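Just below is one structure, and these are the notes that go with it.
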Amino acid sequence: MGDEEPIQRLTRARLRQLQKLKTARQRREQGLFLIDGEKLVREAIDAGAPVVELLSTHPEQWLGARQSVTQLSRADAERLSDTRTPQGHFALIRNELGGSEPPQGDHWQVVALDAIQDAGNVGGIIRSAAAFATDAVLVGPGSADLTHPRVTRAATGAWFQVPITRSTDLASDIDKHRNQGGIVLAADQSGDPLGQLSLPPKIVWLFGNEGAGISEELAPLIDARVAVPIDDGVDSLNVNVAAGIILHHGYQQAREGSGR
Numbered sequence: 001m002g003d004e005e006p007i008q009r010l011t012r013a014r015l016r017q018l019q020k021l022k023t024a025r026q027r028r029e030q031g032l033f034l035i036d037g038e039k040l041v042r043e044a045i046d047a048g049a050p051v052v053e054l055l056s057t058h059p060e061q062w063l064g065a066r067q068s069v070t071q072l073s074r075a076d077a078e079r080l081s082d083t084r085t086p087q088g089h090f091a092l093i094r095n096e097l098g099g100s101e102p103p104q105g106d107h108w109q110v111v112a113l114d115a116i117q118d119a120g121n122v123g124g125i126i127r128s129a130a131a132f133a134t135d136a137v138l139v140g141p142g143s144a145d146l147t148h149p150r151v152t153r154a155a156t157g158a159w160f161q162v163p164i165t166r167s168t169d170l171a172s173d174i175d176k177h178r179n180q181g182g183i184v185l186a187a188d189q190s191g192d193p194l195g196q197l198s199l200p201p202k203i204v205w206l207f208g209n210e211g212a213g214i215s216e217e218l219a220p221l222i223d224a225r226v227a228v229p230i231d232d233g234v235d236s237l238n239v240n241v242a243a244g245i246i247l248h249h250g251y252q253q254a255r256e257g258s259g260r
């Protein structure tokens, strides 16, 4: 924010426009979404995310930012946030989700989410995908909206660090990856124990709906089903927890295979 660009004040009309972004429909139509929280905003800037505007109750904290800064009142911050006690720092982001083409190279791992409805689970899996060097995340129909505030908060800065695609046809997108040599390994508690598998160089990790599991439409694409061993008396793990364990295993195997 240069000296020639003074801090702007939020108008009522502008506030109403931003409030519309609380709905998934408006986020899609406008191609924009808000993120909430100082740490997340700074992570987005550091990652080179397409930040259109910063909005803050303390705009002086953003002196030197390249983006324009708009001053908010505390009441305005509460109207824009979906939390009870917002920090008062927001960024308006242009939605530039990537395409669904398979990664390049001889070794890659991709995550595919089949109708995972809980926003916290979707965000948490994105965070694990970034932490364990996954090459991309495909989010299929029926899954939580990727620009929902709970998704971006749960994902933290990882949302901006791993390529994410909102897939409109998950079966077709997975099939593209299979045609490039990808082996589809589905998380399923009835599958083979994770530690007993020798992992292939190209993997699509498939995670299904919290209650229904993986849809019948995707079943023919599955090459093997893998399970995280758990203690007797426990039916299953939360999909977010299971994904973290599985992706960590894939990360370790990849590092060992590359000699790092």
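Quick note on our numbering: the sequence shown kicks off at 1 and runs consecutively. The beta-carbon is built from N, C-alpha and C at its ideal position, and this holds for glycine as well. If you're wondering where the values come from, they're calculated on a predicted model, not measured in any experiment.
Inset, instruction - Using a threshold of 8 Å, state whether the C-beta atoms of residue 218 and residue 134 are closer than that. - result: no
Inset, instruction - Report the three-state DSSP secondary structure of residue 248 (helix, strand or coil). - result: helix
Inset, instruction - Identify, in the order they occur along the chain, each residue of the same chain with its Cβ nearer than 8 Å to the Cβ of residue 2, setting aside the five sequence neighbours on each side. - result: Confidence at residue 2 is low in this model, with a pLDDT of 47, below 50, so the placement of that residue should be treated as unreliable; the coordinate-derived value is given next. Cβ within range, chain order: n/a, list empty.
Legend entry - Closest by C-alpha distance to residue 49, when choosing among 176, 94, 100: Of the listed residues, the one whose Cα sits closest to residue 49 is 94.
Legend entry - Beta-carbon proximity of residue 128 to residue 233, cut-off 8 Å: no
Inset, instruction - Enumerate in chain order the residues of its own chain whose CB-to-CB distance from residue 224 is below 6 Å, with the five nearest sequence positions on each side excluded. - result: The beta carbon of residue 224 lies closer than 6 Å to those of 185 in the same chain, with the five residues before and after it left out.
Legend entry - residue 19 in three-state terms, based on DSSP: helix
Inset, instruction - Give every residue of the same chain whose Cβ lies closer than 6 Å to the Cβ of residue 142, excluding the five residues on either side of it in the sequence, and list them in chain order. - result: 115
Inset, instruction - Check whether the Cβ of residue 126 lies closer than 7 Å to any heavy atom of the ligand FMN, and answer yes or no. - result: Ligands displayed in this structure: none; no statement on the ligand FMN is therefore possible.
Legend entry - Status (buried if at least 16 other CB within 10 Å, exposed otherwise) for residue 56: buried
Legend entry - Beta-carbon proximity list for residue 102, same chain, < 7 Å, skipping 5 on both sides: 176, 177, 180, 182
Legend entry - residue 74: first and last residue of the uninterrupted alpha helix (DSSP H) it sits in: 74 to 80
Inset, instruction - Quickly, what does DSSP pair residue 85 with across the bridge? List them, please. - result: Answer by DSSP bridge pairing: none, since residue 85 is not bridged.
Legend entry - Beta-carbon spacing of residue 111, residue 146 below 8 Å: no
Inset, instruction - Would you check if the distance between the CB atom of residue 80 and the CB atom of residue 30 is smaller than 8 Å? - result: no
Legend entry - Straight-line gap, residue 84 to residue 77 (C-alpha atoms, nearest Å): 10 Å
Legend entry - Of the listed residues 155, 249, 187, nearest to residue 198 (C-alpha basis): 249
Legend entry - Spatial distance of residue 205 from residue 191 (CA atoms): 13 Å
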